Amino acid sequence: MSQRRKILLIDDDEATLAALKVKLSATYRLVTTSEPRQALGLALQHKPDLILCDIEMPGHGGPAVAAEMDANAETAAIPFIYLTGVVSPVQARDMDETLGGKPCVAKGGPLPLLLSRIESALAPPGAA
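Here's what the structure looks like:
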């Protein structure tokens, strides 16, 4: 039996964290925080396989979190996906690669789409 992959989930909205926890916890092990300034420390401590991070958070948004991860040798290679509640799933897909080359997914989109985006990000390079 293979071990479930670990995701670091960062969102300043506790209700969103709770909802995503319900959606994802059957498939993945989750480490969550509503404090984006704690993200780097949690990533270093827990060594997640992927990071899901809200784009818009007061004081320390997703792009700042992504920059911290990219600047640290221990976290730079961890796949990173932005979460957004501001646009539709199609619009979020259109935002892919526009924010530092990172993919984006809508928080309120269908669960299969979110899972597909996660699995794509977790796939080894060159995997179809």
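Residue numbers (our numbering): 1030 to 1157.
Beta carbons are placed, not taken as given, at the ideal position from N, Cα and C, and that holds for glycine.
If you're wondering where the values come from, they're calculated on a predicted model, not measured in any experiment.
I need the straight-line Cα distance from residue i to residue j, nearest angstrom please.
i, j, result
"residue 1089", "residue 1154", "30 Å"
"residue 1083", "residue 1138", "14 Å"
"residue 1056", "residue 1097", "27 Å"
"residue 1045", "residue 1063", "10 Å"
Using a Cβ-Cβ cut-off of 8 Å, state whether residue i counts as contacting chain D.
i, result
"residue 1144", "Looking at the structure shown, chain D is missing, and only one protein chain is on hand."
In terms of DSSP beta bridges, what is residue i paired with?
i, result
"residue 1111", "1082, 1133"
Under 8 Å, do residue i and residue j count as touching if we go by C-beta distance?
i, j, result
"residue 1065", "residue 1107", "no"
"residue 1152", "residue 1079", "no"
"residue 1036", "residue 1081", "yes"
"residue 1134", "residue 1110", "yes"
By a C-beta neighbour count over all protein chains shown, 10 Å radius and 16 as the cutoff for buried, is residue i buried or exposed?
i, result
"residue 1132", "buried"
"residue 1073", "exposed"
"residue 1050", "exposed"
"residue 1068", "buried"
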